[in-house]
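Okay, so here's the structure we're looking at.
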Amino acid sequence: MKLFTTAIYCYTFLLVCFYDLQAQNQTSFEVKHYDVFDGLSNNWVSDIHQDQDGFLWFATQYGINRFDGKNFKKFTYRAGDSTSLKGNWVRSISQLKDSMLCIGTFGGGVMVLDPHQEKFIELKILPDTTDYHRNEINKINKLLTDKENNIWISGISSTYRFNRADSTLTKFYNKGSDNISMADDGTILILGRKKYQNLKNQQNQSSVFKVTSDS
195 MKLFTTAIYC
205 YTFLLVCFYD
215 LQAQNQTSFE
225 VKHYDVFDGL
235 SNNWVSDIHQ
245 DQDGFLWFAT
255 QYGINRFDGK
265 NFKKFTYRAG
275 DSTSLKGNWV
285 RSISQLKDSM
295 LCIGTFGGGV
305 MVLDPHQEKF
315 IELKILPDTT
325 DYHRNEINKI
335 NKLLTDKENN
345 IWISGISSTY
355 RFNRADSTLT
365 KFYNKGSDNI
375 SMADDGTILI
385 LGRKKYQNLK
395 NQQNQSSVFK
405 VTSDS
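Just so you know, we're using the numbering used here here: the sequence shown kicks off at 195 and counts up by one.
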């Protein structure tokens with residue numbers, strides 16, 4: 195009985211030491227809150243992206259902000275300046291392969307930002323004659339770029355793919371989508387209203403799944 199009790203004590207001691215060691219090895223994180231008083235142009239942040247140089251970019255309802263770890267630099271619409279944002283409500287930021295940033299706005303369409311020159315270029319994604327509604331494609335919920343450097347645009351009523359190589363625009367989803375994402379194998383995931391769709395990018399094959407509520 196004494197041997198059994200000693201074994202229990204030893205086991206308990208080793209277990210406590212193990213969990214104490216695990217707790218010591220865990221990395222602690224400091225959470226810091228930033229808002230307009232710290233230099234952010236607006237407290238409504240729709241997206242955050244870290245570029246290839248390590249800068250953080252914040253999409254807000256009043257322009258886009260670059261953060262270097264200490265200070266914010268604001269980029270907003272400037273009347274008469276063709277190199278500025280076309281719309282201040284920035285919804286999404288995505289990285290292009292050439293270090294450029296793709297900026298999706300709600301009302302101003304798609305812009306490409308050269309982070310080194312700090313200039314915006316409007317991306318002409320609609321041909322002169324088109325069946326697409328310019329208003330719907332200018333109001334963007336989410337952007338992403340795939341492995342072929344195509345730009346996927348989640349608009350208020352449809353999802354599109356813009357091929358930068360030949361400047362063609364293809365509609366893939368005819369209903370409003372709230373978000374899009376890309377899996378590791380290149381599959382495009384589209385979250386619509388009460389529906390979820392995955393799209394094999396290479397073969398343009400898709401599957402649609404209904405999203406049901408528990409209530």
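We treat Cβ as the ideally placed atom computed from N, Cα and C, and that holds for glycine.
Following the DSSP letters along the chain, one finds Gly349 inside the beta strand (DSSP E) bounded by residues 345 to 349. In the displayed model, Ile319 falls within coil according to three-state DSSP, outside both helix and strand. Residue state for Phe266 is assigned as strand, using DSSP reduced to three classes. Pairing Leu250 with Phe261 gives a Cβ-Cβ distance under 9 angstroms.
For the beta strand (DSSP E) assignment, the uninterrupted runs of no fewer than 3 residues enclosed by the region 271 to 321 are, from N- to C-terminal side, 284 to 289, 295 to 299, 304 to 308, 313 to 316. In the DSSP assignment, Trp251 is bridged to His243, Arg260. In the DSSP assignment, Phe356 is bridged to Ile345, Leu363. When beta bridges are read from the DSSP output, Ser375 appears opposite Leu383.
The alpha-carbon of Asn259 is positioned some 25 angstroms away from that of Ile319.
Counting only the Cα atoms, Ser351 lies some 14 angstroms from Gly301. With a contact defined as Cβ atoms closer than 8 angstroms, Thr299 and Ile334 qualify at about 6 angstroms. Taking Gly257 as the centre and dropping the five residues before and after it, the same chain places the C-beta of Ser235, Asn236, Lys268, Phe269, Thr270, Tyr271, Leu279, Asn282, Val284 closer than 8 angstroms to its C-beta, in chain order. Between the alpha carbons of Thr339 and Ile345 lies a distance of about 5 angstroms. With distances taken between CA atoms, Trp238 lies nearest to Ala253 out of Ile331, Ala253, Asp245, Ile384. Within the DSSP bridge table, the entry for Ile334 names Gly349 as partners. Around the CB of Gly248, fewer than 16 other CB atoms lie within 10 Å, so the residue is classed as exposed.
Nearest in C-alpha terms to His227, of all of Ile384, Gly263, Asp292, His243, is Gly263. Val304 is classed as buried because its beta carbon has at least 16 other beta carbons within 10 Å across all chains shown. For the options Ile331, Ser375, Gly380, the alpha carbon positioned closest to that of Tyr354 is the one of Ile331. Under the criterion of beta carbons closer than 8 angstroms, Ser276 and Gln246 do not qualify as touching, at roughly 26 angstroms.
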